[in-house]
Amino acid sequence: MKEKIEEIKKSAKEKIAAITSLQDLQDLKVKYLGKKGELTSILKGLGGLSAEERPKIGSMVNQVRDELEKSIENAEKAMKAKALEQRLEKEKIDVTMPSKAIKVGSVHPITQVIEEVKEIFLGMGYSVADGPEVERTYYVFDQLNTPIDHPARDLQDTFYITEDVILRTQTSSVQIRAMENQKPPIKMICPGAVYRSDTVDATHSPLFHQIEGLVVDKNITMTDLKGTLEMFAKNCLGPNTKIRFRPHHFPYTEPSAEADVSCFVCGGKGCRVCKNEGWIELLGCGMVHPKVLENCGIDPNVYSGFAFGFGVERIAMAKFGIDDMRLLFENDVRFLKQF
Ligand code: DAH
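All you need for the working numbering is the position in the sequence shown, starting with 1, plus 1.
Okay, structure coming up:
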């Protein structure tokens with residue numbers, strides 16, 4: 002019996018030493034140490050031995066078993082280390098190889114303008130608000146003092162989803178959300194997409210962008226509005242920019258105005274960009290209508306405010322000398338990378 006065990010040990014060791022693959026090693030493990038392996042079958046046969054021999058043979062088998070287990074384990078480790086080494090050798094990275102060129106896009110002109118305007122107003126202590134593009138008529142019209150028969154609510158101008166849910170036609174809806182949710186003082190701007198049922202041409206698109214501004218506090222006057230917008234125009238369009246206000250009408254402001262800026266291309270002399278006018282229409286604005294403040298639970302006898310709103314595309318087009326709005330939405334990289 003002893004000889005047989007020695008024999009098994011010797012042959013197993015030889016085989017382990019000669020092994021070349023992990024799979025073969027696994028097979029060997031089963032052959033010698035597995036449930037039906039050679040050593041196990043000797044253990045199973047221990048019952049047939051004399052009481053004196055049984056423990057000796059038993060301990061011998063266990064010893065050999067331990068020894069073989071260790072050998073197999075070592076062989077496995079060595080083999081894995083070798084495989085890893087080979088893999089690393091093969092996968093060596095050549096840091097001198099030229100890299101794949103990554104195409105980097107450019108910031109879209111509309112995004113550039115929005116970011117720049119945000120910076121200017123953040124610098125004046127404004128916060129930046131956000132609001133839904135699919136919006137209730139309550140926020141876009143009713144609360145903004147725009148009655149049910151107002152032309153802006155016409156089906157021809159507005160994309161209706163249901164009778165009282167639309168794609169917002171102006172960011173002014175966010176004023177209402179701000180005033181309903183915050184107590185004055187309020188100082189915010191809101192950039193975002195708006196939608197109107199317009200046919201696409203060089204100056205119209207059914208989707209465009211606006212930036213809304215709102216300030217509500219005690220003692221806010223038209224002077225604050227004019228000063229703020231002048232500051233904004235100079236920062237955004239150049240330090241020599243002049244601004245002028247013309248009376249206008251919006252249902253949610255009283256008084257209301259439209260503001261023009263001196264053409265920042267020709268300085269006011271008249272050119273292609275300003276269509277020889279010397280002025281470029283910039284935005285709508287006014288003092289928040291007392292009715293609108295009241296609608297939002299703000300006492301118009303204590304607080305007053307101003308608001309303004311302008312189109313981002315118009316500024317981007319003037320600033321970058323783009324004469325067709327469609328170019329901004331075609332997203333042709335050859336066009337966009339110029340800015
Ligand atoms: N909502 C106006 C528009 O779409 C722009 C505007 C005018 C916004 C006057 C205002 C405002 O906040 O006070 O043309």
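Heads up, the beta-carbon is just placed ideally off N, CA and C, and yes, glycines get one too.
Exclusion of the five residues before and after S128 leaves M189 as the residues of its chain whose Cβ lies within less than 6 Å of its Cβ. The shortest C-alpha to C-alpha distance from A153 to any of K93, V141, F336 is the one to V141. In the DSSP assignment, F265 falls outside any alpha helix (DSSP H), carrying neither H nor E. Within 10 angstroms of the beta-carbon of Q176 lie 16 or more other beta-carbons, which makes it buried. Per DSSP, G228 is one residue of the alpha helix (DSSP H) stretching across 223-238. Between the stretch 223-232 and the stretch 199-208 there are fewer than three inter-stretch CB-CB distances shorter than 8 Å, so the stretches are not counted as touching. A contact is defined here as three or more CB-CB pairs under 8 Å, and the stretch 213-222 fails this definition with respect to the stretch 256-266. Per the Cβ contact rule, the stretch 16-29 is not in contact with the stretch 43-56 (fewer than 3 Cβ pairs under 8 Å). Within the same chain, and ignoring the five residues on either side of K338 in sequence, the residues whose Cβ sits closer than 7 Å to its Cβ are S107. Rounded to whole angstroms, E15 and D28 show a C-alpha spacing of 14 Å. Bounds of any alpha helix (DSSP H) do not take in M98, whose DSSP letter is neither H nor E. Uninterrupted alpha helix (DSSP H) stretches at least 4 residues long and entirely within the stretch 33-103 occur at 39-45, 54-91, given in chain order.
A residue is called buried when at least 16 other Cβ atoms come within 10 angstroms of its Cβ; F311 meets this threshold and is buried.
At least one heavy atom of ligand 1 lies closer than 7 Å to the C-beta of F251. About 5 Å separates the CB atoms of P185 and V217; that is less than 8 Å, so the two are in contact. When only Cα atoms are considered, I149 and D143 end up about 8 Å apart.
Per DSSP, the beta bridge partners of H210 are A194.
Note on G228: under 16 other CB atoms within 10 angstroms of its CB, so exposed under the neighbour-count rule.
Taking the Cβ atoms as the reference, I281 lies roughly 6 Å from C264, within the contact range of under 8 Å. Close CB contacts of E314 within its chain, under the 8 Å cut and outside five residues either way in sequence, are with I111, S206, F209, H210, M326, L329 (chain order). Boundaries around E282 are those of the beta strand (DSSP E), 280-289, since no alpha helix (DSSP H) includes it. Three or more Cβ pairs closer than 8 Å define a contact, and the stretch 29-39 falls short of that threshold against the stretch 87-106.
Between the C-alpha atoms of N236 and R88 there is a straight-line separation of about 60 Å.
Taking 8 Å as the cut-off, the beta carbon of L34 is found no closer than this to the beta carbon of E74. Rounded to the nearest whole angstrom, the CA to CA distance from E7 to I58 is 11 Å. By the Cβ-count criterion, T163 is exposed, with fewer than 16 other Cβ atoms from all chains shown falling within 10 Å of its own Cβ.
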